[in-house]
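Residue numbers (our numbering): 27 to 324.
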Amino acid sequence: MPESDYIGRFAPSPSGELHFGSLIAALGSYLQARASHGSWLVRIEDIDPPREVPGAASTILRQLEHYGLHWDGDIVWQSQRHNAYREALNHLQREGMSYFCTCTRARIQSLGGIYDGHCRTLNHGPTNAAVRLAQHHPVLHFDDKLRGRITADEKLAREDFIIHRRDGLFAYNLAVVVDDHFQGVTEIVRGADLIEPTVRQISLYRQFGWPVPGYIHLPLALNAQGNKLSKQNHAPALPDGDPRPVIIRALQFLNQDVTNEWQDLRIDALLQKAVANWALCRVPEAADANTAFSNGSR
Ligand code: GLU
Ligand code: ZN
Numbered sequence: 027m028p029e030s031d032y033i034g035r036f037a038p039s040p041s042g043e044l045h046f047g048s049l050i051a052a053l054g055s056y057l058q059a060r061a062s063h064g065s066w067l068v069r070i071e072d073i074d075p076p077r078e079v080p081g082a083a084s085t086i087l088r089q090l091e092h093y094g095l096h097w098d099g100d101i102v103w104q105s106q107r108h109n110a111y112r113e114a115l116n117h118l119q120r121e122g123m124s125y126f127c128t129c130t131r132a133r134i135q136s137l138g139g140i141y142d143g144h145c146r147t148l149n150h151g152p153t154n155a156a157v158r159l160a161q162h163h164p165v166l167h168f169d170d171k172l173r174g175r176i177t178a179d180e181k182l183a184r185e186d187f188i189i190h191r192r193d194g195l196f197a198y199n200l201a202v203v204v205d206d207h208f209q210g211v212t213e214i215v216r217g218a219d220l221i222e223p224t225v226r227q228i229s230l231y232r233q234f235g236w237p238v239p240g241y242i243h244l245p246l247a248l249n250a251q252g253n254k255l256s257k258q259n260h261a262p263a264l265p266d267g268d269p270r271p272v273i274i275r276a277l278q279f280l281n282q283d284v285t286n287e288w289q290d291l292r293i294d295a296l297l298q299k300a301v302a303n304w305a306l307c308r309v310p311e312a313a314d315a316n317t318a319f320s321n322g323s324r
């Protein structure tokens with residue numbers, strides 16, 4: 027039973043099985059929530075069907091259980107939340123805080139990749155158009171509990187970014203904010219690959235008038251070539267066998283104090299030790315600050 031108001035979460039996209047990199051985000055958010063005597067929620071971010079792999083969501087949930095990462099409450103599935111996203115879009119539209127944009131990718135590329143607000147005053151209808159936020163709350167920096175103050179690229183922070191795609195899909199930045207608010211998430215712990223969109227997400231919280239959660243961006247696990255482990259570069263799935271050596275490697279990656287005897291504990295007891303010993307201040311900002319992990323998860 028949670029004893030504090032802390033609510034954390036892990037929000038995987040079902041585009042493949044969990045690998046060592048996603049385990050870091052899952053474990054880090056879990057430890058921070060449990061050490062704060064809070065709840066830890068899981069949300070499956072299945073809003074982008076073309077990128078999804080059949081069966082990946084149930085595999086991810088099975089992997090979390092296998093690694094002893096038991097969540098609280100019901101799982102939220104983004105595929106079931108379209109009404110909430112639609113409502114948020116309608117709200118922004120009613121307030122005059124969004125607009126339809128028919129600009130092509132080629133046009134935006136010719137501008138150097140950052141959108142210039144061209145369609146803001148053109149009153150396009152919805153046909154073949156994306157919806158953009160009319161940015162009134164640009165956020166130029168935020169405080170990360172691990173990394174300190176993070177300053178955004180100003181052009182990116184001021185951009186009227188897409189909240190509903192031309193292909194009809196809701197944009198990640200909209201869905202993640204609507205859901206984290208809906209689930210009452212107080213602190214977001216995730217990988218450093220999501221630092222960049224954070225200022226956009228905070229500007230949506232401001233736009234909606236919702237309390238902004240805290241943020242912690244964990245170091246990314248890299249492969250031997252120095253690239254982020256990802257489904258795109260074929261990071262191996264977490265092994266199905268003994269979860270304990272993998273959890274220990276993940277704890278070492280997060281630079282936690284681990285003793286050899288932990289290897290012999292049951293997985294739940296091992297995680298209890300990890301919670302009791304969790305020291306966020308020990309987590310390195312960058313993966314290259316730590317060599318415990320270098321070449322895939324096996
Ligand atoms: N679903 C996103 C991903 O797997 C993470 C979203 C988040 O943690 O904000 O990359
Ligand atoms: Zn446009």
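For every residue, glycine included, the Cβ atom is placed at its ideal position computed from N, Cα and C.
Keep in mind it's a predicted model, so treat the numbers as computed, not measured.
Going by DSSP, His167 is part of the beta strand (DSSP E) stretching over His167 to Asp170.
Between the alpha carbons of Gln289 and Ala51 lies a distance of about 21 Å. By the Cβ neighbour-count rule, Glu180 is exposed, with fewer than 16 other Cβ atoms within 10 Å of its own.
Straight across, the Cα-Cα distance linking Glu222 with Pro239 is about 16 Å.
Per the Cβ contact rule, the region 159-179 is not in contact with the region 32-51 (fewer than 3 Cβ pairs under 8 Å). Here Asp294 has Gly94 as same chain residues with Cβ atoms under 6 Å from its own Cβ, once five neighbours each way along the sequence are excluded. Asp169 counts as exposed, since fewer than 16 other beta carbons sit within 10 angstroms of its beta carbon.
DSSP places Tyr56 within a helical segment (H, G or I) once states are collapsed to three. With a cut-off of 8 Å on Cβ pairs, the region 185-204 is in contact with the region 149-160, counting three or more such pairs. Across the structure, Leu182 and Gln135 are spaced so that their CA atoms are roughly 14 Å apart.
Per DSSP, Glu78 has no beta-bridge partner at all. Within the region 178-232, the runs of beta strand (DSSP E) at least 3 residues long that lie entirely inside it are, in chain order, 188-190 and 213-217.
In terms of CA proximity to Arg112, Leu200 leads the group Leu200, Thr130 and Glu29. Taken in chain order, the complete beta strand (DSSP E) segments of 3 or more residues contained in the region 62-109 are 65-70. Between Leu44 and Ile86 a beta carbon distance of about 6 Å is seen, short of the 8 Å cut, so the two are scored as contacting. In the three-state DSSP reduction, Ile50 falls in the helix class (H, G or I). Counting only unbroken stretches of 3 or more residues, the beta strand (DSSP E) elements lying wholly within the region 113-164 are 124-127 and 156-159, in sequence order. Annotation for Asp170 indicates a beta carbon at 8 Å or more from all heavy atoms of the ligand GLU. Sequence-distant partners of Ala312 (beyond 5 residues in either direction) whose C-beta falls short of 7 Å from its own C-beta, in its chain, are Pro245. Proximity of the region 93-108 to the region 202-220 meets the contact definition, three or more beta-carbon pairs being nearer than 8 Å.
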